[in-house]
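Chemist:
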Amino acid sequence: MTGEGRKKIVYLMEYPIDLPGGAQMSTLSICEGLCRHPEYGYDPVVICPLLLKHKPSDYPFKIREYPMGESRIRNLLIRIRAFKRIIKEEQPYLIHIEMQESLITYGFIRKSFRDIPYVFTDRGLMTGYRKRSRFFMDPALRDAKMMITTTSYNRKLWEEGSSIRPLTVIHNTISSEYFGSYDESKRTEHVRPVIGLAGRICVEKDWPFACDFIDALAADGFEFDVHIVLSTFEPGDDREAERILGRLKNAVGEEHVLFQLNLTQKEMSEYYYGVDIFLMTSCFESFGKAAVEAMSRKCAIVSTMAGGLPEVVALKENLYSKDTVERGVFRIRQLAGDPALLKEQQEYYYRRYLDNYTEDRYIKEHVRLYDEY
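Read left to right, the sequence shown gives residues 21 to 393 (this note's numbering).
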């Protein structure tokens, strides 16, 4: 307990919470939301590796840091010792495990904390885990009070492909600090439609295919602008970003490509205001936070059918695959050529964001789950 009548929840992570990433930002949303709503009665404590650019005092909740080693095995041993020591010191009411490696780590020490219930959020997809990972994950999952998935699609995968129970769905969210309010005056009108692309440099985002799509869209003289934002982290990412930029310029002309690199969340929230149609070309996507960010800024969404994206994007006519790229190209041309239809789609997606993916809804659903224990 922290304070009279208050309950402490510990969040276990294997990456610093200030490292950009979906799990980190989602955990940040929970913790900040609980701090903004003291009436819920929960005090969050994050256990994670040493922060990269921030100090624990920069956050409104408690952060307990531990060092990272040079190898995966060494990191596992460090986490085992750190988790065991800090959990003993914090004595939480509940443990919420937010990442795969943290679940595996906690599996080795869970018998030491039999009286503390724990839950796990799968922010990936069941089909994305290797057999070796599942060998270590499943025993810990069977002892968990609940496994949370971020889409009904992933819950169905677990229901059909495992004996893990119980399961529930809490849809993911985006930062209310930067995306929570909408300013209509910032949404700009364009003579040429603006197609938005954004994401990390990684295999899952399939940037070579994104360039192929833009090539197909630019065929036969269709005129549009591209506004792309890329995030780099690994060695070689900058060179890959240059290759992507070069292909886009070849497709539509240098003057019709706006390129930005490593934007902050605040800058991203401004970026989407200038996009008419947001294009997703991912080959793997557990949820699709970028699609929800775009929704919150009244962008229309056209997307591949990868992973949980069909559930998030919802409209079948706005979905395509690598084998049916012509469907995506046709849909973008259709939207760009009909201002009334484009406006209707933009309003539809903004309402979808408000109805399903706000941070307030996200926090309330977590509190409802926490209250069960």
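The beta-carbon is built from N, C-alpha and C at its ideal position, and this holds for glycine as well. This structure is a prediction, so every number in the text was calculated from the model and none was measured.
What residue range does the beta strand (DSSP E) around cysteine 68 cover?
Modeler: Where cysteine 68 is concerned, the enclosing beta strand (DSSP E) stretches over 62-69.
Chemist: So what does leucine 250 bridge to, in DSSP terms?
Modeler: DSSP lists Gly219, Leu281 as partners of leucine 250.
Chemist: Rounding to the nearest angstrom, what Cα-Cα distance links tyrosine 292 and leucine 97 in this structure?
Modeler: Distance between the alpha carbons of tyrosine 292 and leucine 97 is about 42 Å.
Chemist: Determine, using beta carbons only, whether phenylalanine 253 and arginine 220 come nearer to each other than 8 Å.
Modeler: In contact: phenylalanine 253 and arginine 220 (Cβ atoms closer than 8 Å).
Chemist: Rounded to whole angstroms, what's the CA-CA distance from glutamate 367 to glutamate 197? Just pull it up for me.
Modeler: Between glutamate 367 and glutamate 197, the C-alpha separation is close to 21 Å.
Chemist: Given that a residue counts as buried once 16 or more other Cβ atoms are within 10 Å of its Cβ, and exposed if not, what is phenylalanine 155?
Modeler: Looking at its Cβ environment, which holds fewer than 16 other Cβ atoms inside 10 Å, phenylalanine 155 is exposed.
Chemist: Under the three-state reduction of DSSP, which class applies to threonine 188: helix, strand or coil?
Modeler: Threonine 188 falls in the strand class under three-state DSSP.
Chemist: Going along the chain, which unbroken runs of the beta strand (DSSP E) with 3 or more residues stay wholly within the region 296-332?
Modeler: Taking only runs of at least 3 residues, the beta strand (DSSP E) segments lying wholly in the region 296-332 are 297-300, 320-324.
Chemist: Out of curiosity, what's the CA-to-CA distance linking proline 76 and isoleucine 83?
Modeler: Cα-Cα distance, rounded: 5 Å.
Chemist: Compare the C-alpha of glycine 216 against each of His276, Arg26, Tyr86 and name the closest.
Modeler: Closest by alpha carbon: His276.
Chemist: Starting from the Cα of threonine 188, find the closest Cα among Lys176, Arg150, Asp296 and give me that residue.
Modeler: Nearest C-alpha to threonine 188: Lys176.
Chemist: Can you tell me whether DSSP reads valine 211 as helix, strand or coil?
Modeler: Residue state, collapsed to three classes: coil.
Chemist: Whose C-alpha, out of Asp240, Leu114, Met167, Ser91, is nearest the C-alpha of isoleucine 136?
Modeler: The candidate whose alpha carbon is nearest that of isoleucine 136 is Leu114.
Chemist: Taking one C-beta from the region 93-107 and one from the region 253-269 each time, how about it: are there three or more such pairs within less than 8 Å?
Modeler: Too few Cβ pairs lie closer than 8 Å, so no.
Chemist: Do the CB positions of isoleucine 117 and leucine 32 come within less than 8 Å of each other?
Modeler: For isoleucine 117 and leucine 32, yes; Cβs fall inside 8 Å.
Chemist: Under 8 Å between the Cβ atoms of arginine 141 and isoleucine 184?
Modeler: For the record, residue 141 in the displayed sequence is threonine; it is not arginine. No, they are not a contact pair.
Chemist: State the CB to CB distance for the pair threonine 301 and aspartate 226, rounded to an integer number of angstroms; the pair is presumed to be in contact (CB under 8 Å).
Modeler: Rounded, the Cβ-Cβ distance is 5 Å, consistent with contact.
Chemist: Mind checking who valine 139 pairs with in its DSSP beta bridge?
Modeler: According to DSSP, which records beta bridges pairwise, valine 139 is partnered with His116, Met166.
Chemist: Are glutamate 305 and glutamate 224 touching if we call contact CB-CB under 8 Å?
Modeler: Result yes, Cβ atoms of glutamate 305 and glutamate 224 sit closer than 8 Å.
Chemist: With DSSP run on the structure shown, which of helix, strand or coil describes methionine 21?
Modeler: Below a pLDDT of 50, predicted positions are generally treated as unreliable, and methionine 21, at 45, falls in that range; no measurement from the model is reported.
Chemist: Distance check for alanine 43 and leucine 335, CA to CA, integer angstroms please.
Modeler: Cα-Cα distance, rounded: 26 Å.
Chemist: Kindly indicate the opening and closing residues of the alpha helix (DSSP H) around leucine 361.
Modeler: From DSSP, the alpha helix (DSSP H) with leucine 361 extends over 359-376.
Chemist: Please report the straight-line C-alpha distance between histidine 210 and isoleucine 248, rounded to a whole angstrom.
Modeler: Approximately 16 Å between the Cα atoms of the pair.
Chemist: Indicate the three-state DSSP secondary structure (helix, strand or coil) for leucine 339 in the structure shown.
Modeler: Reduced to three states, the DSSP call for leucine 339 is strand.
Chemist: Looking only at C-alpha atoms, which of Thr324, Leu48, Arg99 sits nearest to phenylalanine 229?
Modeler: The candidate whose alpha carbon is nearest that of phenylalanine 229 is Thr324.
Chemist: Classify isoleucine 297 as buried or exposed, calling it buried when 16 or more other Cβ atoms lie within 10 Å of its own Cβ.
Modeler: Under this definition isoleucine 297 is a buried residue.
Chemist: Span of the beta strand (DSSP E) holding glutamate 243?
Modeler: Unbroken run through glutamate 243: none, as it is neither H nor E.
Chemist: According to DSSP, is arginine 84 helix, strand or coil?
Modeler: Strand.
Chemist: Compare the beta carbon distance of glutamate 121 and glutamate 34 with 8 Å and say whether it is the shorter of the two.
Modeler: Cβ distance < 8 Å, so glutamate 121 and glutamate 34 count as in contact.
Chemist: For my contact list, tyrosine 369 and cysteine 319 are in at a C-beta cut-off of 8 Å; report their separation, rounded to the angstrom.
Modeler: Contact flag correct, Cβ pair sits at about 7 Å.
Chemist: Look at serine 46 and arginine 143 and say whether their C-beta atoms are less than 8 Å apart.
Modeler: Going by C-beta atoms, serine 46 is nearer than 8 Å to arginine 143.
Chemist: Please tell me whether glutamate 110 and valine 66 are closer than 8 Å, where the distance is taken between their beta carbons.
Modeler: Taking 8 Å as the Cβ cut-off, glutamate 110 and valine 66 do not qualify as a contacting pair.
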